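Student: Once you've had a glance at the structure underneath, I'll fire off some questions.
In this note's numbering, the protein residues as written are 378 to 980.
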């Protein structure tokens with residue numbers, strides 16, 4: 378019994394390759410159990426092997442190892458470290474490291490070096506546009522003044538925080554690294570930074586510019602914290618410059634957690650008492666009671682006055698809510714009726730309303746409660762419902778609510794046409810569904826899905842511009858046609874982004890085309906048809922000549938490949954992979970020819 382043994386035995390996790398499980402890990406287990414009566418570790422993380430460019434296991438005997446210092450000198454420590462982590466796809470999977478021994482070059486590590494450069498340049502751009510302020514000085518972006526792109530990038534960031542933590546907790550190192558790569562390079566650098574460039578050029582006092590600055594700084598600092606375990610050196614360097622904290626280290630900062638982000642303070646765990654107090658009017662000093670008692674009668678409005686006397690004026694709305702509860706199926710109404718506080722009852726009812734996608738009439742009525750309106754404006758309906766179900770209910774009650782909501786959905790909607798829920802207000806409304814143009818929720822997967830339509834539309838227009846060989850500075854006319862009312866609303870909400878990022882001068886969004894268009898490039902994203910008239914934008918004769926030349930080359934290649942595959946000597950004597958490659962090349966050439974003929978027909 379020694380101090381070292383007491384301190385270090387047993388340990389928690391053993392990290393090892395699969396090739397020594399029997400030779401070493403099994404023996405450690407048996408010997409440790411025999412001599413101490415305790416298992417030496419609780420978890421064994423089995424990783425794959427790094428194989429050489431010929432897919433052989435590296436070993437001293439074979440002499441096929443790669444000196445990491447050569448790669449570090451050429452590409453950097455972070456690039457090599459990130460490559461080895463990112464290439465892990467599932468526990469136990471081997472990593473094949475591309476490497477040219479003659480030049481000491483590696484395409485795999487070079488890609489990670491390029492990723493580091495992308496992050497460095499993006500951070501440099503962000504800091505150049507923060508007016509010398511730190512994320513702490515800029516403050517956290519206020520939800521009520523955020524623009525569409527701000528809410529989207531924050532929603533994506535929160536999802537990445539959740540996914541990264543889940544992956545790391547389950548030893549999904551490669552999955553976590555790939556997720557961060559896609560978010561940083563794609564969502565943050567390629568899309569969000571491009572979207573806010575025009576806002577950053579506005580006057581220094583512009584509210585839009587200030588929100589863009591705060592969002593950029595907040596997300597960038599979060600990115601550096603998330604990426605730090607994978608690329609510790611570059612993230613530490615950028616973080617010090619961004620935050621101007623010379624006496625602290627990024628390595629010692631708390632790792633972003635979902636619970637921290639989803640609280641209204643965003644950096645501290647949610648306190649039920651403080652959260653509830655913050656929702657009351659400023660004149661209220663008494664802390665509301667949080668005990669839950671059964672409601673005596675469906676029409677009792679006393680709960681309102683008990684929570685806050687100023688809320689008694691909303692008794693008529695509360696009566697409408699009580700009426701809805703009384704009309705629900707018995708087992709559902711019984712679940713809601715067990716609560717006394719209107720905040721809880723109404724919010725839980727909102728969970729059901731949103732789940733069933735009822736019109737905004739119900740939401741507007743509930744929003745009449747003085748305690749709820751500022752809540753929804755501050756943190757959004759989505760977070761309010763999440764907060765109530767997460768912090769005001771026990772786990773058992775949340776499960777009961779989920780079961781009740783499913784049962785209600787089956788009874789109200791069933792398998793046929795949807796039946797309307799009892800309305801909370803008598804007026805008939807044709808309000809549109811709650812789309813991204815009106816949402817204020819900061820954690821909104823639906824917003825992300827809807828925003829993908831905008832990004833896909835921008836990509837399609839860019840591709841059409843490239844196919845038509847339109848110069849970058851030339852703006853075009855675009856027509857977006859879709860019969861879906863929801864898709865048209867999404868496109869209208871984000872038309873400023875489409876015009877800015879795709880260089881569009883005139884944008885028309887229509888349910889149907891009034892006449893057939895000619896000399897037009899066309900593309901499709903989802904059920905949206907993207908049309909780009911070419912007259913007056915490009916030299917049609919020059920474009921037609923270019924497409925005909927390209928078509929001639931592709932057809933000649935296809936003819937040559939067809940001749941080779943028709944030759945039985947070639948098919949029977951050539952290696953199988955060569956023959957298969959020729960078949961694939963022929964299929965690709967025929968597809969390219971089909972695309973070029975289609976483009977020619979359009980002009």
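Idealized CB from N, CA, C, for every residue including glycine.
These numbers come from a predicted model, not from an experiment.
Suppose the cutoff is 6 Å on Cβ atoms and the five residues either side in sequence are ignored; what does the same chain contact list for residue 553 look like?
Tutor: Excluding positions up to five away in sequence, the list reads 541, 544, 545.
Student: What are the boundary residues of the beta strand (DSSP E) that includes residue 988?
Tutor: As displayed, the chain neither begins before 378 nor continues past 980, which places residue 988 out of reach and without an answer.
Student: For the region 867-879 against the region 922-931, do three or more pairs of beta-carbon atoms, one drawn from each stretch, fall closer than 8 Å, so that the two count as touching?
Tutor: The answer is no - the region 922-931 does not touch the region 867-879, with fewer than three Cβ pairs under 8 Å.
Student: Pick out the complete beta strand (DSSP E) segments inside the region 400-441, 3 residues or longer, and give them in chain order.
Tutor: Complete beta strand (DSSP E) runs here, min 3: 420-424.
Student: In terms of DSSP beta bridges, what is residue 631 paired with?
Tutor: Partner(s): none; residue 631 has no beta bridge.
Student: Would you call residue 392 buried or exposed, if buried means 16 or more other Cβ atoms sit within 10 Å of its Cβ?
Tutor: By the neighbour-count rule (16 or more Cβ atoms within 10 Å), residue 392 is not buried but exposed.
Student: Taking Cβ positions, are residue 507 and residue 594 nearer each other than 8 Å?
Tutor: In this structure, residue 594 lies closer than 8 Å to residue 507 by Cβ.
Student: Residue range of the alpha helix (DSSP H) that residue 906 falls in?
Tutor: First-last for residue 906: 905-910, but that is the beta strand (DSSP E), not the alpha helix (DSSP H).
Student: Mind checking residue 527: buried by the 16 CB within 10 Å criterion, or exposed?
Tutor: Answer is buried; the Cβ neighbour count reaches 16.
Student: Starting from the C-beta of residue 662, find all residues in its chain whose C-beta is less than 8 Å away, skip the five residues before and the five after it, and write them out in chain order.
Tutor: No answer about residue 662 holds up, because its pLDDT of 35 lies below 50 and its placement is not dependable.
Student: Please decide whether residue 907 counts as near chain C, where near means a Cβ-Cβ distance under 8 Å.
Tutor: Absent from the structure: chain C. Only one protein chain is present.
Student: Give a yes or no on whether the C-beta atoms belonging to residue 462 and residue 607 are separated by under 8 Å.
Tutor: It is a contact, given that the beta carbons lie within the stated cut-off.
Student: Report yes if the C-beta distance between residue 887 and residue 866 is below 8 Å; otherwise report no.
Tutor: No, Cβ-Cβ distance for residue 887 and residue 866 is not below 8 Å.
Student: Which residue from 382, 448, 425, 523 puts its Cα closest to that of residue 409?
Tutor: Nearest option by C-alpha distance: 382.
Student: Under 8 Å, with one C-beta from each stretch per pair, do the region 606-625 and the region 913-926 reach the 3-pair mark?
Tutor: They do not touch, by the three-pair rule.
Student: Which same chain residues, not among the five before or five after residue 932, have their C-beta less than 7 Å away from its C-beta?
Tutor: Only 970 meet the Cβ criterion.
Student: Less than 8 Å separating the beta-carbons of residue 420 and residue 460?
Tutor: No, they are not a contact pair.
Student: Looking only at its own chain, which residues have a Cβ that is under 8 Å from the Cβ of residue 896, when we skip the five neighbours before and after it?
Tutor: Here the set comprises 910, 911, 912, 917, 979, 980.
Student: Determine the extent of the beta strand (DSSP E) in which residue 886 is found, giving its start and end residues.
Tutor: Segment 881-887, the beta strand (DSSP E) holding residue 886.
Student: Nearest to residue 378 by alpha carbon, out of 824, 412, 517?
Tutor: Answer by Cα proximity: 412.
Student: Indicate whether residue 907 and residue 855 have their beta-carbon atoms separated by less than 8 Å.
Tutor: The answer is yes: Cβ separation under 8 Å.
Student: For residue 590, which residues in the same chain have their Cβ closer than 8 Å to its Cβ, ignoring the five residues on either side in sequence?
Tutor: Hits under 8 Å: 506, 507, 508, 510, 515, 577.
Student: If you run the structure through DSSP and keep just helix, strand and coil, what is residue 847?
Tutor: DSSP places residue 847 in coil when its eight states are reduced to three.
Student: Report the three-state DSSP secondary structure of residue 521 (helix, strand or coil).
Tutor: It is helical.
Student: Leaving out five residues on either side along the sequence, give the residues of the same chain with a beta carbon under 7 Å from the beta carbon of residue 965.
Tutor: None.
Student: Pull up the distance between the alpha-carbon of residue 487 and that of residue 432, whole angstroms please.
Tutor: If you take the alpha carbons of residue 487 and residue 432, they lie about 19 Å apart.
Student: How would you write the range of the alpha helix (DSSP H) that residue 507 sits in, first residue to last?
Tutor: No alpha helix (DSSP H) contains residue 507, which DSSP labels as neither H nor E.
Student: Please name the residue or residues paired with residue 370 in a DSSP beta bridge.
Tutor: Summary: the structure shown does not reach residue 370, with the chain confined to residues 378 through 980, and so no result is reported for it.
Student: For residue 393, write down the residues that DSSP places opposite it in a beta bridge.
Tutor: Partner(s): 423.
Student: Please look up how many angstroms separate the CB atoms of residue 502 and residue 596, rounded, as I've assumed it's under 8 Å.
Tutor: So it is not a contact: roughly 13 Å between Cβ atoms.
Student: Measuring only the C-alpha atoms, how far is residue 975 from residue 937?
Tutor: Their Cα atoms are separated by approximately 22 Å.
Student: Quick check on DSSP: helix, strand or coil for residue 875?
Tutor: It is helical.
Student: Specify the secondary structure class of residue 858 as computed by DSSP and reduced to three states.
Tutor: DSSP places residue 858 in strand when its eight states are reduced to three.
Student: Using 10 angstroms around the beta-carbon of residue 901, count the other beta-carbons present and answer buried if the total reaches 16, otherwise exposed.
Tutor: Label assigned to residue 901: exposed.
Student: Between which residues of its own chain and residue 894 is the CB-CB distance below 7 Å, once the five residues before and five after are set aside?
Tutor: These residues qualify, in order along the chain: 908, 910.
Student: Taking just the CA atoms, how far does residue 942 sit from residue 960?
Tutor: Their backbone Cα atoms lie some 8 Å apart in a straight line.
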